[in-house]
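Below is one structure; the comments refer to it alone.
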Ligand SMILES: [Zn+2]
Ligand SMILES: [Zn+2]
């Protein structure tokens, strides 16, 4: 098998230590390590990442490139292809925290309007009991799962803190309106989950349309990411005709954000064996709308036992 050089190892280590990175940061590391500018020689960059992926495939891992669907920005990260979605969070988060995360993800991706976000109040009101089978792993088929006390007793304020933590870790993010959206780590890591849940793909890039424009025709399932739509509009100039129902899409391209034109130079998904989506506005965590609940006050200290590894993987 091909052997990776120290340069490949350095890039892998940087991603392991720092977690998923936005494109600029990742390209900078690449340039620092290799002395090459990716835009000057895209083929070298593609070969470099391809070589890493060949080796990582032996351990069921992948260097993946995807777009953050919230803002269209490209990000890179190492993804464990073997883990189910729960075990991706399992070493750091407790069972109720994972249940909350799964509930939020489901609520966001199952939104037929594909807004890509839910209100904080909806997120806080997600019933963890509904997630218990997923969160607690395989249960006996015959008896209904027993709801662990940690789930039953998980308070609003614990949920609130968990959402903050998930935002810090880039599993979630917050929109400028203070709603809860997926973070770019979710777009990188949960690709197969979105696919398995049958989320309609974007007409242009074929990635799941979690945060996308939906064809206004009732019953028409066509979705297009806003950034894909902008590119399409730039090329077609005037309008977009729905490939399924034939109507003209009434969306005008926003003028403020210039469309990235580097897309053709990006490693293709096959080249990187990756997917393409995008991440989120930077989530320094302060804008999320706060809702005060007169009923539910203090965190009940009792319930959640966090994994001992909780803090060790923190960045
Ligand atoms: Zn798209
Ligand atoms: Zn349509």
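Numbering (our numbering), first residue to last: 84 to 398. Virtual Cβ for every residue (Gly too), placed ideally from N, Cα, C. Keep in mind the model is a prediction, meaning the values are calculated, not measured.
Which ranges would you report for the beta strand (DSSP E) in the segment 89-169 if only whole runs of at least 3 residues count?
If you keep only unbroken beta strand (DSSP E) runs of at least 3 residues inside the segment 89-169, you get 144-150 and 157-163.
Distance cut-off 6 Å: residue 328 Cβ against heavy atoms of ligand 1:
Ligand 1 never approaches residue 328 closely enough for any of its heavy atoms to be under 6 Å from the residue's Cβ.
Any idea which residues DSSP pairs residue 296 with across the strands?
307, per the DSSP bridge assignment.
Nonlocal neighbours in the same chain, by C-beta distance under 6 Å from residue 283, ignoring five residues either side
Answer for residue 283: 292, 304 and 306, listed in chain order.
In angstroms, rounded to a whole number, what distance separates the CA positions of residue 249 and residue 287?
When the Cα atoms are used, residue 249 and residue 287 turn out to be separated by approximately 30 Å.
So, do the segment 326-333 and the segment 227-238 have three or more beta carbon pairs nearer to each other than 8 Å?
Cβ pair count under 8 Å is below three, so no.
Counting pairs of Cβ atoms below 8 Å between the segment 238-253 and the segment 132-140, do you hit three or more?
Note that the segment 238-253 does not touch the segment 132-140; fewer than 3 beta-carbon pairs, one per stretch, sit closer than 8 Å.
The alpha helix (DSSP H) that contains residue 214, what's its start and end?
In the DSSP annotation of this structure, residue 214 is not part of any alpha helix (DSSP H), being labelled neither H nor E.
Between which two residues does the alpha helix (DSSP H) carrying residue 233 extend?
Boundaries of the alpha helix (DSSP H) harbouring residue 233: 232-235, taken from the DSSP string.
Starting from residue 182, trace the alpha helix (DSSP H) in both directions and tell me its first and last residue.
Counting along the chain, the unbroken alpha helix (DSSP H) around residue 182 starts and ends at 178-192.
Between the segment 97-117 and the segment 149-159, do at least 3 Cβ pairs fall closer than 8 Å?
Touching, yes, given that three or more Cβ pairs across the two stretches are closer than 8 Å.
Counted within 10 angstroms of its Cβ, other Cβ atoms place residue 62 as buried (16 or more) or exposed:
This structure does not reach residue 62, given that the chain is present from 84 up to 398, and the question cannot be answered.
CA nearest to the CA of residue 186, picked from 253, 87 and 265:
Minimum Cα distance to residue 186 is reached at 265.
In the DSSP assignment, what residue or residues form a beta bridge with residue 256?
According to DSSP, residue pairing for residue 256 in a beta bridge involves 264.
Once DSSP output is grouped into helix, strand and coil, what is the label at residue 246?
In the displayed model, residue 246 falls within a helix according to three-state DSSP.
On a Cα-Cα basis, can you pick out the residue from 196, 279 and 93 that is closest to residue 301?
For residue 301, the closest of 196, 279 and 93 by C-alpha to C-alpha distance is 196.
With DSSP run on the structure shown, which of helix, strand or coil describes residue 208?
Three-state result, residue 208: coil.
Beta bridge counterpart(s) of residue 412 as assigned by DSSP
No answer is possible for residue 412: the residues shown for the chain start at 84 and end at 398.
Where residue 138 and residue 205 are concerned, what is the direct C-alpha to C-alpha distance, given to the nearest angstrom?
Using only the alpha carbons, I get a separation of about 42 Å.
heavy atom of ligand 1 below 6 Å from residue 198 C-beta:
No; taking the cut-off as 6 Å, the Cβ of residue 198 has no heavy atom of ligand 1 nearer than that.
Quick check: the Cα distance between residue 208 and residue 298, rounded to an integer number of angstroms?
For residue 208 and residue 298, the distance between alpha carbons rounds to 29 Å.
How about residue 165 and residue 143: are their beta carbons less than 7 Å apart?
Result yes, Cβ atoms of residue 165 and residue 143 sit closer than 7 Å.
According to DSSP, residue 331 sits in a beta bridge with which residue or residues?
In DSSP, residue 331 forms a bridge with 324.
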